[in-house]
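Protein chains: 2
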Amino acid sequence: MYAGIDLGGTNIAAGLVDENGKIVIKDSVPAGAKRPSGEIIADMANLVKKLAKEYGIEMSELSSIGIGSPGLIDSDNGIVLQIANLNLANVNLAEEMEKLTGVKTYVGNDANCAAYAEHLYGASSGANFSVMVTLGTGIGGGIILKNKVYTGHRFGAGEIGHLIIAAGGKKCGCGRRGCFEAYASASGLINMTKHKAIDNPASLLNSIPINEINGKTAFDFAKQGDHASQEVVDEYINYLAIGIGDLLRILYPDVIVIGGGISKEGENLLVPLRKKLREEVAFDYETEIVAAKLGNDAGIVGAAMLEKTVL
Amino acid sequence: MYAGIDLGGTNIAAGLVDENGKIVIKDSVPAGAKRPSGEIIADMANLVKKLAKEYGIEMSELSSIGIGSPGLIDSDNGIVLQIANLNLANVNLAEEMEKLTGVKTYVGNDANCAAYAEHLYGASSGANFSVMVTLGTGIGGGIILKNKVYTGHRFGAGEIGHLIIAAGGKKCGCGRRGCFEAYASASGLINMTKHKAIDNPASLLNSIPINEINGKTAFDFAKQGDHASQEVVDEYINYLAIGIGDLLRILYPDVIVIGGGISKEGENLLVPLRKKLREEVAFDYETEIVAAKLGNDAGIVGAAMLEKTVL
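Chain order of the listed sequences is G and W. Okay, so the first sequence: first residue is 302 according to the numbering used here, each after it adds one. Okay, so the second sequence: first residue is 302 according to the numbering used here, each after it adds one.
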């Protein structure tokens with residue numbers, strides 16, 4: 302049995318995971334973002350202990366604990382190198398957790414954990430090489446090569462969101478221009494949808510208040526035949542295809558897994574995306590483009606399995 | 302002892318290479334691009350036999366023969382899948398060479414061979430992860446991960462020249478818009494220099510006939526203080542940094558090796574490139590950016606060592 306922890310800015314979710322990647326029990330507690338690191342780590346340790354107790358096993362029966370954390374993680378040593386919303390920078394999470402639990406602990410980047418879970422048990426199961434692209438507020442990524450998480454020279458590989466796909470283009474949150482996530486994240490899509498609403502007063506996009514426009518809006522109204530909404534969807538898919546095309550050209554994986562909120566559009570998103578790739582961007586690549594399968598559980602499952610990767 | 306063959310559209314260059322990656326003897330014959338495959342293969346076999354004889358060893362003393370070929374190569378089976386200028390499409394080069402020589406033969410893509418040679422014995426020697434970017438007529442690339450050539454799912458990984466870095470931008474020879482090589486290849490630089498000459502009649506760029514402008518012109522006149530030439534160099538380095546930044550974000554290698562004609566500018570190119578990357582594109586990446594060391598020999602040496610990679 303393994304324990305996996307998905308450490309987020311809002312919640313700490315944890316689960317016990319069996320050899321087949323199945324979560325047998327899970328629970329969560331608030332992350333309490335502003336707290337000192339010691340309190341967060343104590344809560345993670347207590348959560349795992351509680352789950353073990355409820356499931357009726359000793360902590361010593363855990364093969365390992367894995368933690369998926371946001372930020373830049375030194376996964377060789379279990380140290381958080383950079384992190385935005387939690388007071389964990391320069392903390393050796395692995396060591397601290399081991400002190401509190403007596404169980405060997407691994408730490409990895411959360412997006413890499415999700416990609417790893419999909420690779421082992423989800424949408425890219427069976428692939429030699431897979432890449433996960435998570436379309437959320439930003440764009441997260443994880444690269445799995447031959448069943449190992451690929452983190453490159455200093456753990457920063459797979460920063461897919463900040464690929465520059467449009468030199469001199471839209472301003473990105475990172476300060477540069479033309480990043481993939483400025484166009485193809487959920488935020489990018491919402492931004493595009495709002496601009497289109499303003500420029501097309503007759504569009505159905507204006508049938509809801511502009512601040513209620515979300516990542517589903519353009520897809521929903523396009524289905525109802527709204528022309529401006531269809532333009533947004535087409536433009537969005539064009540940029541998504543360009544970024545994914547860049548991944549194909551560099552990495553040529555067997556499978557690309559699309560995750561995050563936008564991936565819930567399913568074939569509605571994937572059919573035109575595959576067509577765009579095949580006809581205009583990447584031609585004869587044989588890479589499968591599929592939606593993520595494990596949803597929010599991917600973070601727990603991938604973290605639990607970190608001991609299986611040489612990070 | 303190994304034999305390495307660098308198969309080009311113009312010449313077939315071959316050499317015997319020792320365990321330390323040193324070419325002990327080499328020679329070349331014209332490729333004769335329009336000939337049937339059998340003739341080309343016979344010439345390759347005879348060239349290796351001639352070298353062995355001249356060096357005074359038996360063919361049976363060769364550990365293997367490696368061929369670096371342009372095009373898309375099924376390096377698992379030694380088959381040329383796609384190729385532009387030689388009649389070798391769908392030919393099993395490995396099998397045919399083995400019939401003629403009695404020596405185990407490996408085949409790989411030529412850009413990958415050059416990258417592999419630099420990784421083993423050249424500019425990226427000692428790196429865990431390295432990427433070679435060759436700035437020639439197009440942009441070639443090779444990715445080496447932990448001493449193995451990385452070719453992805455179906456041998457097409459590392460197509461760095463066709464990364465889209467400027468969606469909707471300059472037309473590329475491949476038919477798409479905004480590819481890295483449309484901006485940052487030697488051809489891209491020459492094109493940029495010619496346009497700048499036309500738009501700046503007072504520039505030194507107009508002191509030579511426009512059709513004599515080459516990949517050195519802007520660099521040379523910039524050194525003499527020509528403003529328009531400096532603008533070309535700055536613009537060129539900006540685009541080069543964007544493409545290399547994309548490689549850093551996806552792969553985060555220890556070393557990026559810049560090869561091809563433009564790399565002869567050396568630190569004149571690399572100093573501003575590193576500055577651009579650090580200050581505007583990639584911030585705190587620790588990747589070394591260096592010029593290739595092995596020159597034209599890289600193709601022979603990398604091909605000779607193909608048996609050492611699981612392709």
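Ideal Cβ positions, reconstructed from N, Cα and C, are used throughout, including at glycine. Small disclaimer: the values here were computed from a predicted structure and weren't measured.
Q) Exposed or buried, what is Ser508 (chain W) when buried is set at 16 or more other beta-carbons lying within 10 Å of its beta-carbon? A) exposed
**Q.** Listed by chain order, chain G residues near Pro554 (chain W) by CB distance under 7 Å
**A.** Gly453, His454
Q) What's the call for Tyr407 (chain W), buried or exposed, on a 16-neighbour Cβ count within 10 Å? A) buried
**Q.** Closer than 8 Å to chain W by CB, Ala458 (chain G)
**A.** True, the Cβ-Cβ gap to chain W drops below 8 Å.
Q.
Once DSSP output is grouped into helix, strand and coil, what is the label at Pro502 (chain W)?
A. Pro502 (chain W): coil per DSSP, three-state reduction.
Q: Quick one: grab the DSSP three-state call for Ile514 (chain G).
A: coil
Q: Following the continuous beta strand (DSSP E) through Ala592 (chain W), name the residue where it begins and the one where it ends.
A: 589 to 592
Q: Say whether chain G places a C-beta atom closer than 8 Å to the C-beta of His463 (chain W).
A: Chain G contact via Cβ: present.
**Q.** Residue closest to Asn597 (chain W), alpha-carbon to alpha-carbon, out of W:Ser564, W:Leu607, W:Val572, W:Tyr553
**A.** W:Ser564
(Q) If you follow the alpha helix (DSSP H) that Leu552 (chain G) is in, where does it begin and where does it stop? (A) Bounds of the alpha helix (DSSP H) holding Leu552 (chain G) are 528 to 552.
Q) Quick one: is Leu548 (chain W) near chain G, going by C-beta distance under 8 Å? A) yes
Q.
Measuring straight from C-alpha to C-alpha, what distance separates Asn413 (chain G) and Ala314 (chain G)?
A. 16 Å
Q: Identify every residue that forms a DSSP beta bridge with Ala304 (chain W).
A: W:Leu317, W:Ile366
Q | Exposed unless 16 or more other CB atoms sit within 10 angstroms - verdict on His496 (chain W) | A | exposed
Q. Exposed or buried, which one is Val582 (chain W) when buried takes at least 16 other CB atoms within 10 Å?
A. buried
Q.
Cβ closer than 8 Å: which chain G residues qualify as neighbours of Glu482 (chain W)?
A. Under the 8 Å cutoff, chain G gives no residues; its nearest Cβ is about 11 Å from Glu482 (chain W).
Q) Roughly how many angstroms separate the alpha carbons of Ile444 (chain W) and Tyr553 (chain W), rounded to a whole number? A) If I take the Cα positions, the gap works out to 11 Å.
Q: State the start and end residues of the unbroken alpha helix (DSSP H) segment that holds Ser329 (chain G).
A: From DSSP, Ser329 (chain G) is part of no alpha helix (DSSP H) but of the beta strand (DSSP E) over 324 to 331.
Q. What do you get for Leu612 (chain W), buried or exposed, if any count of 16 or more other CB atoms within 10 angstroms of its CB means buried?
A. Unreliable placement is indicated for Leu612 (chain W), whose pLDDT of 41 sits below 50; no coordinate value is reported for it.
Q. Are Ser530 (chain W) and Ala519 (chain W) close, meaning C-beta to C-beta below 8 Å?
A. yes
Q) So, does the CB of Tyr537 (chain G) fall closer than 8 Å to a CB anywhere in chain W? A) Not one chain W Cβ lies under 8 Å of Tyr537 (chain G).
Q | Asn448 (chain W) at chain G interface by Cβ criterion, 8 Å | A | Chain G contact via Cβ: absent.
Q) Name the chain G residues whose beta carbon is nearer than 7 Å to that of Ser513 (chain W)? A) For clarity, residue 513 (chain W) is Glu in the given sequence; the question names Ser instead. Neighbours of Glu513 (chain W) on chain G: none; closest Cβ ~29 Å, over 7 Å.
Q: Flag this pair as yes or no: are the beta carbons of Leu506 (chain W) and Phe522 (chain W) separated by less than 8 Å?
A: Yes. Within cutoff.
Q) Rounded to the nearest angstrom, how far is the Cβ of Leu616 (chain W) from that of Ala332 (chain W), given a contact under 8 Å? A) Past the edges of chain W, shown from 302 to 612, lies residue 616 (chain W), and the structure says nothing about it.
**Q.** For Cys480 (chain G), the three-state DSSP class (helix, strand or coil)
**A.** strand
Q. Shorter than 8 Å from the beta carbon of Gly560 (chain G) to some beta carbon of chain W?
A. no
**Q.** Cutoff 8 Å: Asn631 (chain G) Cβ touching any chain W Cβ
**A.** With chain G represented from 302 up to 612, any question about residue 631 (chain G) goes unanswered, as that position is not in the structure.
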